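Everything on this sheet refers to the single structure shown next.
Numbering (the working numbering), first residue to last: 68 to 291.
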């Protein structure tokens with residue numbers, strides 16, 4: 068998943084960026100609000116950590132501009148400790164308000180929580196979203212951002228099965244029964260071949276390289 072860090076403190080950006088990459092995130096950084104907005108017009112992100120006090124444009128002013136280009140959760144992270152500032156940030160519609168200094172572990176946890184909340188909100192009867200992956204059920208189509216992923220019917224059905232059980236281990240038997248109605252041990256190879264084909268197509272798109280994870284000897288899971 069992609070995280071955008073917006074802060075004029077370049078040393079802090081470097082520290083947070085390296086820490087979050089160690090947690091498995093792809094991290095983009097922007098030292099100004101305008102650079103962040105420009106980047107968001109080109110990239111899909113799962114979460115934004117936004118400083119308030121910046122020289123070109125403060126985070127409160129930048130927030131509505133950011134909302135015009137993305138629905139990703141926005142977490143204000145700032146040294147502004149006044150209650151009025153916290154209320155202002157949350158009233159604007161921010162998903163969280165974190166006071167500096169904040170431990171990197173806590174920040175990582177809050178990012179994960181808000182991404183998960185965002186995914187649940189955006190799931191409805193017609194769309195399943197796990198940015199940058201999106202499935203539109205009415206048209207049986209899968210997208211990475213704005214790009215349609217060319218999947219066969221079997222590949223789409225398999226991806227939809229994973230998307231209906233995000234983060235859960237789906238065994239070879241569970242996959243075989245869900246797609247075929249029955250399962251024999253000899254069907255394991257077919258499940259493996261179909262999943263391999265799906266993964267090869269997904270890995271052509273940034274952010275989807277390891278979306279379907281192998282659980283050795285057991286099956287697969289969709290990473291969220």
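Built from N, CA and C at the ideal position, the CB exists for glycine as well.
Bear in mind the structure is a predicted one, so any value in this text is a computation, not a measurement.
- Shown here, residue 120 sits in coil according to DSSP, grouped into three states, outside any helix or strand.
- Secondary structure at residue 218: coil, using DSSP grouped into helix, strand and coil.
- Collapsing the DSSP output to three states places residue 173 in a helix.
- The Cβ-Cβ distance between residue 120 and residue 145 falls below 8 Å.
- Straight-line measurement puts the Cα of residue 122 at about 42 Å from the Cα of residue 280.
- Between residue 202 and residue 228, the gap from beta carbon to beta carbon reaches 8 Å or more.
- The C-beta distance from residue 289 to residue 230 rounds to 6 Å, short enough to fall under 8 Å.
- Your pair residue 222 and residue 195 does not check out as a contact, with CB atoms roughly 15 Å apart and the cut at 8 Å.
- Our two residues, residue 275 and residue 218, have alpha carbons roughly 14 Å apart in a direct line.
- The C-alpha of residue 142 is placed about 13 Å away from the C-alpha of residue 129.
- Between the stretch 144 to 161 and the stretch 99 to 119 there are three or more inter-stretch CB-CB distances shorter than 8 Å, so the stretches are counted as touching.
- For a cut-off of 8 Å, the C-beta gap from residue 278 to residue 200 is around 6 Å, short enough to register as a contact.
- Comparing alpha-carbon positions, the option among 92, 96, 91 lying closest to residue 81 turns out to be 96.
- Within the same chain, 225, 279, 287 come within 7 Å of residue 262 by CB-CB distance, once the 5 residues on both sides are set aside.
- Between residue 270 and residue 216, the alpha-carbon positions lie close to 11 Å from each other.
- The three-state reading of DSSP puts residue 156 in helix, counting H, G and I together.
- One thing to note: residue 285 has its Cβ within 8 Å of the Cβ of residue 238.
- Taken atom to atom, the span from the alpha-carbon of residue 175 to that of residue 186 is near 17 Å.
- By the criterion of a C-beta distance shorter than 7 Å, residue 113 is surrounded in its chain by 68, 69, 70, 139, 182, 198, once the five residues flanking it on both sides are discounted.
- By the neighbour-count criterion, in which a residue is buried when 16 or more other Cβ atoms sit within 10 angstroms of its Cβ, residue 242 is buried.
- Assignment of residue 93 by DSSP, reduced to helix, strand and coil, places it in the strand class.
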